[in-house]
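Take a look at the structure below.
There are 2 protein chains.
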Amino acid sequence: MDRADTLATLAHQTVTFADGMTLECGVSLRRLDVAYRTYGTLNAARSNAVLVCHALTGDQYVAEPHPITGKEGWWEMVVGPGRSVDTDRFFVICANVLGGCMGSTGPRSQRDGDGTGDGPTDTGPWGTEFPPVTIRDMVRAQKRLIEHLGIARLFAVMGGSMGGMQVLEWVALYPDAVFAALPIATASYHSAQNIAFHEVGRQAIFADPDWQGGQYWRSGKVPARGLAVARMCAHITYLSEQALTRKFGRRLQNAPKDPSEAITLFGDMFEVESYLHHQGSTFVHRFDANSYLTITRAMDYFDLAADHKGDLANAFRGTRTRFLLVSFTSDWLFPTAESRAVARALNRAGANVSFVEIPSDKGHDAFLLDEPDFHRTLAGFLAGCAEHAGLDV
Amino acid sequence: MDRADTLATLAHQTVTFADGMTLECGVSLRRLDVAYRTYGTLNAARSNAVLVCHALTGDQYVAEPHPITGKEGWWEMVVGPGRSVDTDRFFVICANVLGGCMGSTGPRSQRDGDGTGDGPTDTGPWGTEFPPVTIRDMVRAQKRLIEHLGIARLFAVMGGSMGGMQVLEWVALYPDAVFAALPIATASYHSAQNIAFHEVGRQAIFADPDWQGGQYWRSGKVPARGLAVARMCAHITYLSEQALTRKFGRRLQNAPKDPSEAITLFGDMFEVESYLHHQGSTFVHRFDANSYLTITRAMDYFDLAADHKGDLANAFRGTRTRFLLVSFTSDWLFPTAESRAVARALNRAGANVSFVEIPSDKGHDAFLLDEPDFHRTLAGFLAGCAEHAGLDV
């Protein structure tokens, strides 16, 4: 089954808002679908909800097997019974982001149509013509879901990387709707270097003739090689030099026979190359290239200070939300300095902030991996917040 | 004029060795061309020769306008009359590396043929079937040139990045032929992260249908988009986050009209994207994709300690060469720690070593840029060596 079919045949738990949503760019979506998963039970007071925001290539399958890969949920180490985010205690919600490819409205969705049915621009999937979305648009779509679930205030909003950007935007946009906020391995804006790496990935997709101007569903062929190159490039930035050296070093393995797959010396290739090939080729089975374009763009444009008269503190004035910021020492994509800048802005805004830098050699990906100190930090902070919130579960 | 034609129409100063050369991989080239440039005058004692080794995408046009781009030589800030490497005093030589595309034997060269003329594998350019070369092969080709010029001992060998790898290999291979060695912004092996970035670039080239299995000369179309993506990805690694932030930050500019060139929000794109596009698109006019594959591979396989029983010091035992190692604080491609490891090995081998880390926010590219401290360091070291060598110019 090719990748487009795999994504198309999936059924997701979804809520549809028939009145649609107007995006920050001015385009109105006539209909808004938000695909989501929940774990645990909402208490009678509706006060124990934790919203988890996923990263660029994540999705709503936080704590259960992924419907395409069959692998365990992307944050099962953190979310589940007895875990740091204890689903015996909290009601955990995660929605596929607006612009995604796992059931929420995005480039794979059918165009709204204007009712006249006059021609190809009115029907079929949006593809690359899906309107640009922002982190704020993603958060506004999540807010609709939260209201639909009957929740006025979230006990916590948490997420890493792009998920952390959403956390910051949540507090800025809905200051009274969030008791505790946990932006992890993130920043209040995307740096020039990060934009540059994203642009390399986008150009790799554009360069693939199977991209077909973004209308690849017409031929049934997807831009798999371009998307794989994009993923490979991004994946390096998620790790650290130490992690790559520890995992692979300069170890060699036999090269594949296909000369289009590798330029070898003495018939060998490096293990790290094989690993990257695997990362690239598996990714294209579970992700849509146009969603990748849409979501990387949303990250690049995120700049919370610019949205608040150039001072990040303005985004948080008067906030009563309790914050836990977490960074990892070897994360060079969202380095500690960027979390520290957020902490300083929160201090200027008089917020209640804890900031922890976790020693790790695993790079940006550390927030997804087995990092006991990180997990204990999350659990401790949530326990303290639950006490302050008078959360009775 | 398309890029393939541009490269083909150039005439380079070249020496041909009709007896060829046997490569480390076992393949014998029946003929060896080495294209080179010289600056300054060789003295009567033939004792003032400085060999400059170029980096991955460099060439022999060190201190004069580039024949394709018309831009000034890549090291005019360092090499020239009155410069740190003073061409009024020194005779400077630079050769295009074996495997390159500016006149030395490489993938663009005609196959040797086995004399039988039996079919397509016997004639035409090597393309991707050019045998893999190593840094050592490059150095051995340079040695042939140096002998051809009648020089028994070089006053100095110097170079940055891959040029620095060649410097280290020169000393290891020909310990008595080098009075002073200047490996700059380099390492004794290529790290897993660096290999990974190279592999992304190679996969981008392979993914371009115009690559045509490496035989792109047959159609006259070159894999320009894939090579441009490779260049863009590599270029980010040559800079630093600070340099990108200083040069571009998050500044926007109008996006091009062609939707295949950019996914924009509100019609804008980031300046850093436009800069990368420019880096990618200009590169393909002056460089050959198969040379890029060949040379990145040579860098990846470089591991001087592994070639000397696992101890780098073994490469330098008994050396009388004087060393100056230079690194730059913000270079994350060849970080200071890797130069320090070379310095330690040289110390273990009892060598005469100076090691300077230059403060710079310009990243790996600093060795090519206006860094007065760096240039003064080079000049001072060379002056001291000239005195010790009794160099009378």
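Chains A and B, in that order, give the protein sequences. Once you know that position 42 of the first sequence is 42 in the numbering used here, the rest is easy, because the numbers rise by one and skip nothing. Once you know that position 26 of the second sequence is 419 in the numbering used here, the rest is easy, because the numbers rise by one and skip nothing. For every residue, glycine included, the Cβ atom is placed at its ideal position computed from N, Cα and C.
So, helix, strand or coil for residue i, using DSSP?
i, result
"residue 805(B)", "Summary: the structure shown does not reach residue 805(B), with chain B confined to residues 394 through 786, and so no result is reported for it."
"residue 383(A)", "helix"
"residue 588(B)", "helix"
"residue 138(A)", "helix"
"residue 746(B)", "strand"
"residue 254(A)", "strand"
"residue 62(A)", "coil"
"residue 474(B)", "coil"
"residue 89(A)", "coil"
"residue 597(B)", "helix"
"residue 110(A)", "strand"
"residue 662(B)", "strand"
"residue 299(A)", "helix"
"residue 345(A)", "helix"
"residue 280(A)", "helix"
"residue 99(A)", "coil"
"residue 404(B)", "coil"
"residue 229(A)", "helix"
"residue 409(B)", "strand"
"residue 569(B)", "helix"
Sort the options by Cα distance to residue i and report the nearest one.
i, options, result
"residue 430(B)", "570(B), 564(B), 443(B) and 531(B)", "443(B)"
"residue 375(B)", "686(B), 742(B), 683(B) and 680(B)", "Chain B is shown only over 394 to 786; residue 375(B) falls outside these bounds and no answer can be derived."
"residue 86(A)", "41(A), 126(A), 127(A) and 56(A)", "41(A)"
"residue 473(B)", "781(B), 768(B), 785(B) and 777(B)", "768(B)"
"residue 409(B)", "544(B), 428(B), 449(B) and 780(B)", "428(B)"
"residue 716(B)", "549(B), 587(B) and 481(B)", "549(B)"
"residue 711(B)", "744(B), 696(B) and 489(B)", "744(B)"
"residue 24(A)", "136(A), 378(A), 290(A) and 234(A)", "136(A)"
"residue 206(A)", "95(A), 195(A) and 229(A)", "229(A)"
"residue 182(A)", "62(A), 275(A) and 169(A)", "169(A)"
"residue 163(A)", "385(A), 382(A), 220(A) and 365(A)", "365(A)"
"residue 461(B)", "495(B), 566(B), 545(B) and 718(B)", "495(B)"
"residue 486(B)", "452(B), 464(B) and 445(B)", "445(B)"
"residue 186(A)", "238(A), 97(A) and 309(A)", "238(A)"
"residue 282(A)", "231(A), 271(A) and 321(A)", "231(A)"
"residue 492(B)", "718(B), 535(B) and 672(B)", "535(B)"
"residue 48(A)", "333(A), 61(A) and 146(A)", "146(A)"
"residue 383(A)", "20(A), 61(A) and 90(A)", "90(A)"
"residue 104(A)", "78(A), 144(A) and 76(A)", "144(A)"
"residue 406(B)", "477(B), 432(B), 412(B) and 420(B)", "432(B)"
"residue 737(B)", "713(B), 679(B) and 704(B)", "704(B)"
Drop a sphere of 10 angstroms on the beta-carbon of residue i, count the other beta-carbons inside from all chains shown, and report buried for 16 or more, exposed for fewer.
i, result
"residue 616(B)", "buried"
"residue 763(B)", "exposed"
"residue 732(B)", "buried"
"residue 518(B)", "buried"
"residue 571(B)", "buried"
"residue 475(B)", "exposed"
"residue 513(B)", "Here residue 513(B) scores only 49 on pLDDT, less than 50, and its place in the model should not be relied on; the value that follows carries that caveat. Exposed: under 16 other Cβ atoms inside 10 Å."
"residue 307(A)", "buried"
"residue 509(B)", "In this prediction, residue 509(B) scores a pLDDT of 48, lower than 50, which makes its location untrustworthy; no coordinate-derived value is stated."
"residue 415(B)", "exposed"
"residue 337(A)", "exposed"
"residue 57(A)", "buried"
"residue 150(A)", "exposed"
"residue 613(B)", "exposed"
"residue 644(B)", "exposed"
"residue 447(B)", "buried"
"residue 401(B)", "exposed"
"residue 780(B)", "exposed"
"residue 618(B)", "buried"
"residue 785(B)", "exposed"
Residue i and residue j look like a contact to me (Cβ under 8 angstroms); what is the Cβ gap, rounded to whole Å?
i, j, result
"residue 456(B)", "residue 244(A)", "In fact, because the Cβ distance is near 37 angstroms, the residues do not count as touching under 8 angstroms."
"residue 139(A)", "residue 294(A)", "Actually they do not touch by this definition, with Cβ atoms about 15 angstroms apart."
"residue 747(B)", "residue 722(B)", "Wrong, their Cβ atoms sit about 17 angstroms apart, outside the cutoff."
"residue 505(B)", "residue 422(B)", "6 angstroms"
"residue 160(A)", "residue 296(A)", "With 8 angstroms as the limit, residue 160(A) and residue 296(A) do not qualify as a contact, their Cβ atoms being about 16 angstroms apart."
Would you say residue i touches the ligand FAD, meaning its beta carbon is less than 8 angstroms from a heavy atom?
i, result
"residue 604(B)", "Looking for the ligand FAD in the displayed structure turns up nothing, as the structure carries no ligands at all."
Closer than 9 angstroms by beta-carbon distance: list the chain D residues that pair up with residue i, in chain order.
i, result
"residue 588(B)", "The displayed structure is made up of protein chains A and B, and chain D is not among them."
* To do: Tell me, please, whether the segment 679-689 of chain B touches the segment 519-526 of chain B by the rule of three or more beta-carbon pairs shorter than 8 angstroms.
  => Yes: at least three Cβ pairs fall under 8 angstroms.
* Is the segment 185-192 of chain A touching the segment 296-303 of chain A in the sense that three or more CB pairs, one from each, lie closer than 8 angstroms? -> yes
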